[in-house]
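One structure is given below, encoded as structure tokens.
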Amino acid sequence: ALQFTAPALAQAVEEGIAPDQPPPSGCKTTVDSPFTIGIAPIAPHKRETAQEFPTQASGSFLTLTLTDGILRDPSNRTGSIVANYQFQFDGPPQAGAIYTGGFSVCANGSLALGASTVWYRCMSGDFGNLYDRSIGDQCSEVRIVAM
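In our numbering, the protein residues as written are 116 to 262.
Written as structure tokens, this is what we have:
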């Protein structure tokens, strides 16, 4: 006789998993109003302005909310750092996500994760993804800026 068993479904990760380090001084884990984000290169001795970046699918700007360290997009998906260290939004957070909380917005507008305001834009052809650490030579340090 054949016996069938249902495959185990991957379990979603709970929200609010944060790095051990607290946010930098002057950073808030809750922002009263929705905000858009942009990226700014980190360049010594050169002042750069942040450029808003459109979401890939719609061409519209990504508007976020931040409550108790948890980021959400307009579709109520949770901002997270997933298993390959990429910053993305999922609903619910995908299995294997490393961080699903611990975000803050600092007085200078920088988005922080834990104690760090440094992010990495890693290119793949003409497209760049954002990571919480460098994953190779194709990566450059950036700030994510709330506007």
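Glycine is no exception: its CB is placed at the ideal position from the N, C-alpha and C atoms.
Residue pairing by DSSP puts A227 in a beta bridge opposite S219. One thing to note: T144 has its Cβ within 8 Å of the Cβ of G184.
The C-alpha of A133 is placed about 13 Å away from the C-alpha of T193. Cα atoms of G229 and D147: separation of roughly 20 Å, rounded to the nearest angstrom.
DSSP places R248 in the coil class of the three-state scheme, outside both helix and strand. Beta-bridge partners assigned by DSSP to C254: C237. Here DSSP, grouped into helix, strand and coil, assigns D135 to coil. The straight-line gap separating the alpha-carbon atoms of N223 and A212 is approximately 28 Å.
In the structure shown, the three-state DSSP call for V146 is strand.
The three-state secondary structure of R192, taken from DSSP, is coil.
According to the DSSP assignment, T182 belongs to the beta strand (DSSP E) that extends over T178 to T182.
Out of F218, C254 and V257, the CA that lies nearest to the CA of Q136 is found in F218.
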